[in-house]
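In the numbering used here, the protein residues as written are 7 to 352.
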């Protein structure tokens, strides 16, 4: 019998005893229903107030029956409740241990500080991308909800070095701080930068002055939800078609279309090839929106005869499968079998 069934059975048994006791006193002693219920309750509770009315021998025998059965049922109920509490605590402890173990094994992962309204949307995006990430959240209710979703969560203050160390910040790929307060985000950035000078940090800013402070503290990118939201609203009114396109390519799930950044590695078949001859667009319908050379500024809408070089960062738009294949090709080493005139073709 499962724990839930045992608990329901115990409650049903208690209710049945109350009904039996009330009915027994009514027919054996001729009491009214309320007096029968009252006598049953004080008997089962062992309060010892005394008999409501004088009992006959048959009534006393019935009372003894109630006491014996009642003690057994209440004992079963108490044991079920105790077992439920113990099993819940054990499951909680084992669950936390598993979470800590999984977090300790993370490498090249993402750390999200704060799971409020903005943070939860970030959680959804990271989850859709299928990347490894850990969440630091100080609210126990929110942390419990995330744990129930199967997330890796550390409950604590993200400004605390020990908490960030617990999130394996020294081996993390990036940190996103999405706390609701600008001061808290500044402290998180300062602490994180001190623990890992090379980590990429994205910080949330609610006010414009906080953007400068966050950059001084060590944030690589500062994002203002207020600024982005106001810009999107104005754009939706001024250029609705453009706003629809941006929403289609960045937020909707109905169309498999994504932006991504892909770096060309040393020895890649793409190194030294003109963009028009790479097969990126003709074969896999991936559009290179911009190229960021390792030693130059961003080049928008690169010319078809632009020569791709190792170290170039490609800003691409296309399907998930196409982008994944492009990323694989960009990091592919020469010396393997692959056609250079069409390096993306299977």
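Positions of the beta carbon are idealized from the N, C-alpha and C atoms, including for glycine.
Check: Alpha carbon to alpha carbon, what distance is there between residue 335 and residue 283?
Finding: Taking the first residue of the chain shown as 1, we reach residue 283 at position 277. Taking the first residue of the chain shown as 1, we reach residue 335 at position 329. Approximately 14 Å, taken between the alpha carbons.
Notebook entry, point to check: Tell me the DSSP bridge mates of residue 143?
Noted result: Taking the first residue of the chain shown as position 1, residue 143 is located at position 137. In the DSSP output, where bridge partners are listed per residue, residue 143 has 161.
Check: What is the rounded straight-line gap between the Cα of residue 296 and the Cα of residue 289?
Finding: Taking the chain shown and counting its residues from 1, one reaches residue 296 at position 290. Taking the chain shown and counting its residues from 1, one reaches residue 289 at position 283. Rounded to the nearest angstrom, the two C-alpha atoms are 19 Å apart.
Margin query: Tell me the DSSP secondary structure of residue 29 in three-state form.
Written below: Here the question's residue 29 lines up with position 23 in the chain shown. Correct three-state label for residue 29: helix.
Note to self: Strictly by DSSP, which residues pair up with residue 82?
What the structure shows: Residue numbering aside, residue 82 sits at position 76 when the chain shown is read from its first letter. Paired residues: none, contrary to the question.
Check: For residue 214, is the classification buried or exposed, using 16 other Cβ atoms within 10 angstroms of its Cβ as the cut-off for buried?
Finding: Walking along the chain shown from the start, residue 214 turns up at place 208. Residue 214 is exposed by the Cβ-count criterion.
Notebook entry, point to check: Using CA coordinates, which residue listed in 210, 265, 47 is at the minimum distance from residue 184?
Noted result: Here residue 184 is taken as the residue at index 178 of the chain shown, counted from 1. Closest by alpha carbon: 210.
Notebook entry, point to check: Which residues does DSSP pair with residue 266 in a beta bridge?
Noted result: Reading the chain shown from its first residue, position 260 is the one you call residue 266. Bridge partners of residue 266: 322.
Notebook entry, point to check: For the region 238-255 against the region 269-278, are there 3 or more C-beta pairs whose distance is under 8 Å?
Noted result: no
Margin query: Could you compute how far the alpha carbon of residue 346 sits from the alpha carbon of residue 281?
Written below: If you number the chain shown from 1, residue 346 lands on position 340. If you number the chain shown from 1, residue 281 lands on position 275. Its pLDDT being 38, under 50, residue 346 is placed unreliably by the model, and nothing is read from it.
Notebook entry, point to check: When DSSP builds the beta bridges, which residues end up paired with residue 183?
Noted result: As a first step, residue 183 must be located in the chain shown, where it is residue number 177. DSSP output for residue 183 lists 119, 209 as bridge partner(s).
Checklist line | Same chain only: Cβ atoms within 8 Å of residue 23, ignoring 5 sequence neighbours per side | finding: Locating residue 23 in the chain shown gives position 17, counting from the first residue. Closer than 8 Å at the Cβ level, and outside the excluded window around residue 23, lie 46, 50, 72, 75, 76, 79.
Notebook entry, point to check: beta strand (DSSP E) containing residue 227: first to last residue?
Noted result: Locating residue 227 in the chain shown gives position 221, where the first residue counts as 1. First-last of the beta strand (DSSP E) with residue 227: 227-229.
Notebook entry, point to check: Roughly how many whole angstroms lie between the Cα atoms of residue 117 and residue 181?
Noted result: In the chain shown, residue 117 corresponds to position 111, counting from 1. In the chain shown, residue 181 corresponds to position 175, counting from 1. Cα to Cα, residue 117 sits roughly 5 Å from residue 181.
Check: Where do the ends of the beta strand (DSSP E) carrying residue 137 lie?
Finding: Counting from one through the chain shown, the residue named residue 137 turns up at place 131. That residue, residue 137, is in no beta strand (DSSP E); it is neither H nor E in DSSP.
Checklist line | From 223, 218, 190, 212, residue whose alpha carbon lies closest to that of residue 206 | finding: The residue given as residue 206 occupies position 200 in the chain shown. The residue with the shortest Cα to Cα distance from residue 206 is 223.
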